[in-house]
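J.: Right, I'll just put the structure down here and ask away after.
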Amino acid sequence: MYLEHFGLDTQPFRITPDTRAFYAGADRGAVLEALLWAVGQGEGIVKVVGEVGSGKTMLCRMLARDLPEHVQVAYIANPGLTPAEIAPAIAFELGVELPDGDRLAGLNALHQYLVEQHAAGRQVVALIEEAQNMPVETLEELRLLSNLETDDSKLLQLVLFGQPELDDKLEAGEIRQLRERITHAFDLRPLKTADAAAYLNFRLRAAGYRGPDLVSRRLGRRLNRHACGLIRRLNVLADKTLLAAFAEGSHTLRRRHVRRAARDLRPPRHAGLSLRRVLGLTGLAAATAVATLLVWNLWGVQAAGDNGATAEAAASTAVGIPPAEGER
């Protein structure tokens, strides 16, 4: 909608990972280089943890793209696989046909394939997304698969991508052996405020923008504050900010455009109330009600009715409910 308005060739802030728009700043490039090195070592299990929307899938795609040609990748995106399904899923990704209905024969066939790849100087790595949602039993099966090895090297390298809940799951006693096999662990931190504007301007230029920077450092700070440093949410907010500016016919992004974008994503008002605030409002309403009852007892029904209406209006105003038409 706003592409021509801002001189863009493609959507700059799509949330679908696009390796052509990978931002190497904010430690993402450094983590990618470390992952490439860790996989190249061919030992142990590698773990990458980050919050929802922190860029794990993009990093996973970049890793698969940048691995050397002699490395074959099995990409597993379904975390709901059972222990009996995980080996066939890896074999399917590798193009290995397994015998039907015989699990042991299937494992032997996969093992034989891995041995052949190793003998030919090739390496096999399985990239597992959403690992925090995998059943503990399936994670344990992965550990057993990682035991496939020759006298001097592993036959199958594993890289687990997951949310922080993955660390909690790995604390379970029944998979402590898997935890001990993790030789490299990386954390994807939220985007720092100083990096937000650089990231957003990078994405704009990757989409074809050729003018002066659209996102100032101050505007980047505001967007990043609303996004809590999460790249996916930052993309959504930036997209809505461009749309707000386009609706005004403006080629300059302003604070009001950011406010509109943030307001569009803001949760319902009651969801933002702290417990202390809720208790405070409840206490105020209760105190008002008690005062009203006292007035009823002391002044009689008629007087109490007048004062009760006033008290009700005051209590309604305190909790954000507009008074009745006659009380405005």
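Residue 88 in my numbering sits at position 94 of the sequence shown, and the numbers go up by one each step. Beta carbons are placed, not taken as given, at the ideal position from N, Cα and C, and that holds for glycine. What you are looking at is a predicted structure, and each value in this text was computed from that prediction instead of being measured.
Cβ atoms of H178 and A32: under 7 Å apart, would you say?
T.: The sequence position of residue 32 within the sequence shown is 38, counting from 1. The sequence position of residue 178 within the sequence shown is 184, counting from 1. Going by C-beta atoms, A32 is nearer than 7 Å to H178.
J.: Looking at C-beta atoms only, is the number of pairs between the segment 209 to 228 and the segment 244 to 256 that lie closer than 8 Å three or more?
T.: The answer is yes - the segment 244 to 256 touches the segment 209 to 228, with three or more Cβ pairs under 8 Å.
J.: Indicate whether V357 and V46 have their beta-carbon atoms separated by less than 7 Å.
T.: Summary: the structure shown does not reach residue 357, with the chain confined to residues -5 through 322, and so no result is reported for it.
J.: I think P82 touches L92, with their Cβ atoms under 8 Å apart; what is that distance to the nearest whole Å?
T.: Your numbering for residue 82 matches position 88 in the sequence shown. Your numbering for residue 92 matches position 98 in the sequence shown. 6 Å between Cβ atoms; contact.
J.: Going by beta-carbon coordinates alone, are V119 and I169 separated by less than 7 Å?
T.: On the sequence shown, position 125 is the one that residue 119 refers to. On the sequence shown, position 175 is the one that residue 169 refers to. Taking 7 Å as the Cβ cut-off, V119 and I169 do not qualify as a contacting pair.
J.: Could you tell me the distance, in whole angstroms, from the CA atom of V109 to the CA atom of L172?
T.: Position 115 of the sequence shown holds residue 109. Position 178 of the sequence shown holds residue 172. Going by the C-alpha atoms only, they are around 22 Å apart.
J.: What's the gap between the Cα of L149 and the Cα of M56?
T.: Along the sequence shown, read from residue 1 onward, the residue named residue 149 stands at position 155. Along the sequence shown, read from residue 1 onward, the residue named residue 56 stands at position 62. C-alpha separation (whole angstroms): 22 Å.
J.: Measuring only the C-alpha atoms, how far is F16 from M52?
T.: Taking the sequence shown and counting its residues from 1, the one referred to as residue 16 is at position 22. Taking the sequence shown and counting its residues from 1, the one referred to as residue 52 is at position 58. Those two C-alpha atoms are separated by around 7 Å.
J.: Taking the C-alpha atoms as reference points, what is the distance between A190 and F7?
T.: On the sequence shown, position 196 is the one that residue 190 refers to. On the sequence shown, position 13 is the one that residue 7 refers to. The alpha-carbon atoms of A190 and F7 are separated by roughly 13 Å.
J.: Using DSSP's beta-bridge definition, name the partner residues of G44.
T.: Within the sequence shown, residue 44 is the residue found at index 50, counting from 1. G44 pairs with L182.
J.: Could you work out which residue in V90, L88, A113, A78 is closest to D96 when comparing CA atoms only?
T.: Walking along the sequence shown from the start, residue 96 turns up at place 102. Comparing Cα-Cα distances from D96 to each of V90, L88, A113, A78, the minimum goes to A78.
J.: Between which two residues does the beta strand (DSSP E) carrying I70 extend?
T.: The residue given as residue 70 occupies position 76 in the sequence shown. Counting along the chain, the beta strand (DSSP E) containing I70 begins and ends at 65 to 70.
J.: Does Q151 pass the burial test, meaning 16 or more other C-beta atoms within 10 Å, or should it be called exposed?
T.: For this step, residue 151 is matched to residue 157 along the sequence shown. Buried, because 16 or more other Cβ atoms sit within 10 Å of the Cβ of Q151.
J.: Could you give the first and the last residue of the continuous alpha helix (DSSP H) run that contains I225?
T.: Numbered from its first residue, the sequence shown carries residue 225 at position 231. Run containing I225: 225 to 242, per the alpha helix (DSSP H) assignment.
J.: What does the alpha-carbon distance come out to for the pair C222 and A28?
T.: For the purposes of this step, residue 222 is taken as residue 228 along the sequence shown, with counting starting at 1. For the purposes of this step, residue 28 is taken as residue 34 along the sequence shown, with counting starting at 1. About 25 Å.
J.: Can you name, in chain order, every residue of its own chain whose Cβ lies under 7 Å from the Cβ of A326, other than the five neighbours on each side?
T.: No answer is possible for residue 326: the residues shown for the chain start at -5 and end at 322.
J.: Near G49, which residues of its chain fall below 7 Å by C-beta distance, leaving aside the five closest residues on each side in sequence?
T.: The residue you call residue 49 lines up with position 55 of the sequence shown. Closer than 7 Å at Cβ, skipping near neighbours: R22, L182, I225.
J.: Determine the direct distance from the alpha carbon of P184 to that of L164, and round the result to whole angstroms.
T.: On the sequence shown, position 170 is the one that residue 164 refers to. On the sequence shown, position 190 is the one that residue 184 refers to. Each residue's alpha carbon lies about 22 Å from the other.
J.: Kindly list the residues whose CB is nearer than 6 Å to the CB of G167, restricted to its own chain and excluding five residues on each side of it in sequence; keep chain order.
T.: Walking along the sequence shown from the start, residue 167 turns up at place 173. So no residue of the chain qualifies.
J.: Could you check where the alpha helix (DSSP H) with Q35 kicks off and where it finishes?
T.: Counting from 1 along the sequence shown, the entry for residue 35 is found at position 41. Run containing Q35: 22 to 35, per the alpha helix (DSSP H) assignment.
J.: Starting from I80, trace the alpha helix (DSSP H) both ways and give me its first and last residue.
T.: The sequence position of residue 80 within the sequence shown is 86, counting from 1. I80 -> alpha helix (DSSP H) spans 77 to 88.
J.: In the DSSP output, what is F0 paired with across the bridge?
T.: As a position in the sequence shown, residue 0 is number 6, starting the count at 1. Per DSSP, none; premise fails for F0.
J.: Taking the Cβ atom as the reference point for each residue, do H105 and L138 lie within a distance shorter than 7 Å?
T.: Within the sequence shown, the letter at position 111 stands for residue 105. Within the sequence shown, the letter at position 144 stands for residue 138. Result no, Cβ atoms of H105 and L138 do not sit closer than 7 Å.
J.: How is the beta strand (DSSP E) around Q117 delimited, first residue to last?
T.: As a first step, residue 117 must be located in the sequence shown, where it is residue number 123. 117 to 122 is the span of the beta strand (DSSP E), which, as asked, contains Q117.
J.: Taking the alpha carbon of Q117 as the reference point, which residue from R257, L237, H(-1), Q35 has its own alpha carbon closest?
T.: Along the sequence shown, read from residue 1 onward, the residue named residue 117 stands at position 123. The candidate whose alpha carbon is nearest that of Q117 is Q35.
J.: By Cβ distance below 6 Å, which residues in the same chain neighbour Y193 in space, the five residues on each side in sequence not counted?
T.: As a working mapping, residue 193 is identified with position 199 in the sequence shown. Once the five neighbours on either side are set aside, the close Cβ partners of Y193 are Y17.
J.: For G214, does the three-state DSSP call read helix, strand or coil?
T.: Taking the first residue of the sequence shown as 1, we reach residue 214 at position 220. It is helical.
J.: In terms of residues, what are the limits of the alpha helix (DSSP H) holding G100?
T.: Locating residue 100 in the sequence shown gives position 106, where the first residue counts as 1. 97 to 113 is the span of the alpha helix (DSSP H), which, as asked, contains G100.
J.: Counting only runs that start and end within the segment 121 to 164, where is the alpha helix (DSSP H) found for 4 or more residues in a row?
T.: Those alpha helix (DSSP H) runs which fall completely within the segment 121 to 164 and span 4+ residues are 130 to 140, 159 to 164.
J.: Could you tell me whether the Cβ atoms of F155 and V65 are closer together than 7 Å?
T.: If you number the sequence shown from 1, residue 155 lands on position 161. If you number the sequence shown from 1, residue 65 lands on position 71. No, the Cβ-Cβ distance between F155 and V65 is not below 7 Å.
J.: How many Å lie between L121 and A68 at the Cα?
T.: Translated into positions along the sequence shown, residue 121 becomes position 127. Translated into positions along the sequence shown, residue 68 becomes position 74. In a straight line, the C-alpha of L121 is about 6 Å away from that of A68.
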